[in-house]
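Here the structure comes first, spelled out in C-alpha cells, and everything after it is commentary.
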Ligand code: ATR
C-alpha cells in the first residue's frame, strides 16, 4: 500500500501501460508507488489493448500523459508516434511514450535498465559481456551495453544467423553457442524467455559455461530465481534477477514523465511486495 496517498481529482494526470496480456503487470504498483512517494499527482493503470492505432488515438484524445508499452506492441506502436528518440530508433522499439502537449514521443529505457541493473553489482567498463538471445530484448540490452563504450558485447543465440546479424547491426561480436564454453567473458545476460513459466525447467545455455566469479543476470523475473540463476549461484557466480532491469527501466520512464528523481528503492520494494 502507498505511504503517502495523493488524492485523485480533476487535476490528476493519467498514465498507464498498453500491452496484451497486462493482467499480471507489476508496472501499476511500481509507478503508483513512485507517485505516492513523490507526491506527483498521477495515477497509473493497465490497459489490455490489441488495437495499437486505436490506443494511440485514445492517448491523444484523452490526454494521457505517459504510457509504458509492452509485448506485443513495442515495434508496432512506432508508426503512430510523432517523434522517436535516437535510442528507441536504434533499438527499433519503443517501451515509453511521453505525451508532450499532444505530441507523442517514443523512448526506449530497456537498455538503460539492463545497464543500471548490472552496475548495482559489477563494473562493466573493460568487461566482456555475453548476451544470450537475438530478439527484441537482446537488441535493447545489447544496445545499452554497446553505448557504454568500453564494454565488449558478444551475442550468442540458438539460431546463430540472428546473433551474427544483430552483432553486425550494433557493432558487437557473436559466438556460436557451442564455443561459449571455451570463450573468455565476465558477464552473462539471458534475454530469452527460457527459464520463464512455462519453460521454467530449462536454461538457454549449457551448465558447462558457468564458473565461479562469473556475473550472471537473467532479465526474466517470473520466477525470481530461474534455473539458470540457481545453477549459477550453486556454482559460485554473482547472480542478478530480472527485477533490477524492470525497476530501472520504470525509473527512467518516471523521470521522463515527471522530471523528478525516481524513488528507486521504494519502486523496487513495491515490485517485490507484488511478486510475493
Ligand atoms: P523478445 O522480444 O522477448 O526478445 P523474441 O524476439 O521472440 O522475444 O526473441 C526470443 C529469443 O529467445 C530468440 O533469440 C530465441 O532464439 P531463436 O532466435 O533461435 O528463435 C530465443 N529463444 C526462445 N525460446 C528458446 C529456447 N527454447 N531455446 C533457446 N533460445 C530460445
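Numbering (full-length UniProt numbering), first residue to last: 4 to 279.
Glycine included, each C-beta is placed from N, C-alpha and C at the ideal position.
A quick note: this is a predicted structure, and the numbers were derived from the prediction, not measured.
Query                                                                                                     : Result
Counted within 10 angstroms of its Cβ, other Cβ atoms place residue 271 as buried (16 or more) or exposed : buried
contact_flag[the stretch 176 to 187, the stretch 256 to 276] where n(CB pairs < 8 Å) is 3 or more         : no
Integer-rounded CB distance, given that residue 227 should sit under 8 Å from residue 1                   : Nothing can be reported for residue 1: it is not among the residues displayed for the chain, which extend from 4 to 279.
Proximal residues to residue 4 (C-beta, below 6 Å), its chain only, five neighbours per side dropped      : Low per-residue confidence applies at residue 4: pLDDT is 48, beneath 50, and the placement is therefore not dependable, though the value from the model is reported in the following sentence. So the list is empty, once near-sequence residues are dropped.
Where the beta strand (DSSP E) containing residue 41 begins and where it ends                             : No beta strand (DSSP E) holds residue 41; the alpha helix (DSSP H) holding it covers 30 to 41.
Test item: CB-CB of residue 136 and residue 195 under 8 Å                                                 : yes
Helix, strand or coil at residue 224 [DSSP, three-state]                                                  : coil
Cβ-based neighbour list, residue 225, same chain, cut-off 7 Å, excluding 5 preceding and 5 following      : 199 and 200
Distance between residue 73 and residue 142 (C-alpha atoms, nearest Å)                                    : 15 Å
Buried or exposed (CB count within 10 angstroms, at least 16 for buried), residue 36                      : buried
Straight-line Cα distance separating residue 88 from residue 209                                          : 37 Å
The beta strand (DSSP E) enclosing residue 159, as first and last residue numbers                         : 155 to 159
Buried/exposed call for residue 276, threshold 16 Cβ in 10 Å                                              : exposed
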